[in-house]
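Heads up, the sequence shown is in the UniProt record's numbering, so the first residue is 1 and it goes up one at a time. Shown next, in structure tokens, is the structure this report addresses.
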Amino acid sequence: MTTTAWPDPSSDCLQQARNGDRDAASRILEMYRGQLKRVVAARLDSRLAARLDPSDVVHDVMMTACHSLPSWIGKQKAVYACLHRLTRDRISALYREHVTLQKRSVNREAVAFDEFADDSVMLLCQRLGANVETPSQAAVKRESQTLVREALSQLRVSDREVLVMRTLEGTPANEVAQILGVSEAAVHMRQMRALDKMRVLLGKLQYRQVGARHGS
1 MTTTAWPDPS SDCLQQARNG DRDAASRILE MYRGQLKRVV AARLDSRLAA
51 RLDPSDVVHD VMMTACHSLP SWIGKQKAVY ACLHRLTRDR ISALYREHVT
101 LQKRSVNREA VAFDEFADDS VMLLCQRLGA NVETPSQAAV KRESQTLVRE
151 ALSQLRVSDR EVLVMRTLEG TPANEVAQIL GVSEAAVHMR QMRALDKMRV
201 LLGKLQYRQV GARHGS
């Protein structure tokens, strides 16, 4: 996956956006639309996906970002890192509005790991070698998704975010580094650590599940 190129600092478009030109800001933000759609698609679980179009979520983020872009440019902030944060915040707000509040729950930790699309969770299952050899069987799919979601909930937040951004969103390591404020080497290290931890957790959860089935 290629990294979105940031406009040349000397470009007229960038200078115009910094001076408050909305059209110039929109042209710059449009460069990131595809990446943001992948973020939204990865993080909208089935309950939100049934009600919301990812394109509408991205549009809302773009509208908010259009007002903030001149400030980001002036402060030399990483634009995609800012957009990614806005997108995550928007999804979390939608999740609380449409799902969590309906359950009369404000468990923010649940929001952190439950707001992933089913297809994204299955992709992670396959990456981890979880039991998804027969994906046509709905029961097996649901079981695998449940185990992966539970394992995700037990990861450290920083490791979970790296895993999600790299594996599910397809975000390049250099952009993950900008988002988290760490080095690329640290991103790769966290990704490997998260994958290893997930495999260990899944093994324990599957062992516990087998034991429960046999009444042990």
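Every residue, glycine too, gets a C-beta built ideally from N, C-alpha and C.
Is it a yes or a no for the stretch 158-171 touching the stretch 192-202, going by three-plus beta-carbon pairs under 8 Å? yes
Identify whether Q15 lies in helix, strand or coil by the three-state DSSP scheme. The residue given as residue 15 occupies position 15 in the sequence shown. Note: Q15 maps to helix in three-state DSSP.
Buried or exposed for E175, going by 16 or more other Cβ atoms inside 10 Å? What you label residue 175 is simply residue 175 of the sequence shown in a count that begins at 1. By the 10 Å Cβ count, E175 comes out buried.
Let me know if T146 comes out buried or exposed under the rule of 16 or more other beta-carbons within 10 Å of its beta-carbon. Indexing the sequence shown from 1 puts residue 146 at position 146. Exposed: under 16 other Cβ atoms inside 10 Å.
Helix, strand or coil for Q126, going by three-state DSSP, please let me know. As a working mapping, residue 126 is identified with position 126 in the sequence shown. Correct three-state label for Q126: helix.
Of the residues D119, R38, L128, the one placed nearest H84, counting alpha carbons only: As a working mapping, residue 84 is identified with position 84 in the sequence shown. Comparing Cα positions, the closest option is R38.
Buried or exposed: where does Q209 fall if 16 or more other Cβ atoms within 10 Å of its Cβ makes it buried? Counted from its first residue, the sequence shown places residue 209 at position 209. Flag for Q209 reads exposed.
C-beta contact flag for L69 and I28 at 8 Å: Residue mapping note: residue 69 aligns to position 69 of the sequence shown, counting from 1. Residue mapping note: residue 28 aligns to position 28 of the sequence shown, counting from 1. A contact, by the Cβ cut-off of 8 Å.
Relative to the C-alpha of Y80, which residue among H188, A173, R190, L205 is closest? Numbered from 1 along the sequence shown, position 80 holds the residue referred to as residue 80. Nearest of H188, A173, R190, L205 to Y80, Cα basis: A173.
Expressed to the nearest angstrom, what Euclidean distance is found between the alpha-carbon atoms of L202 and A117? The residue given as residue 202 occupies position 202 in the sequence shown. The residue given as residue 117 occupies position 117 in the sequence shown. Roughly 19 Å between the two C-alpha positions.
Applying the criterion that 16 or more other CB atoms from any shown protein chain within 10 Å of the CB defines a buried residue, is Y207 buried or exposed? The residue you call residue 207 lines up with position 207 of the sequence shown. The residue is exposed, with fewer than 16 neighbouring Cβ atoms inside 10 Å.
Check this for me: beta carbons of V58 and R33, under 8 Å apart or not? Within the sequence shown, the letter at position 58 stands for residue 58. Within the sequence shown, the letter at position 33 stands for residue 33. Against a cut-off of 8 Å, the Cβ pair of R33 and V58 comes out as a contact.
Reduced DSSP category for D196 - H, G, I as helix; E, B as strand; rest coil: For this step, residue 196 is matched to residue 196 along the sequence shown. D196: helix per DSSP, three-state reduction.
Determine the direct distance from the alpha carbon of A25 to that of L163, and round the result to whole angstroms. Taking the first residue of the sequence shown as position 1, residue 163 is located at position 163. Taking the first residue of the sequence shown as position 1, residue 25 is located at position 25. Rounded to whole angstroms, L163 to A25 spans 31 Å at the Cα level.
At the level of alpha carbons, what is the spacing between T134 and D53? One-based indexing of the sequence shown puts residue 134 at position 134. One-based indexing of the sequence shown puts residue 53 at position 53. Caution applies to T134, whose pLDDT of 48 falls short of 50 and renders its modelled position unreliable; the model cannot decide the point.
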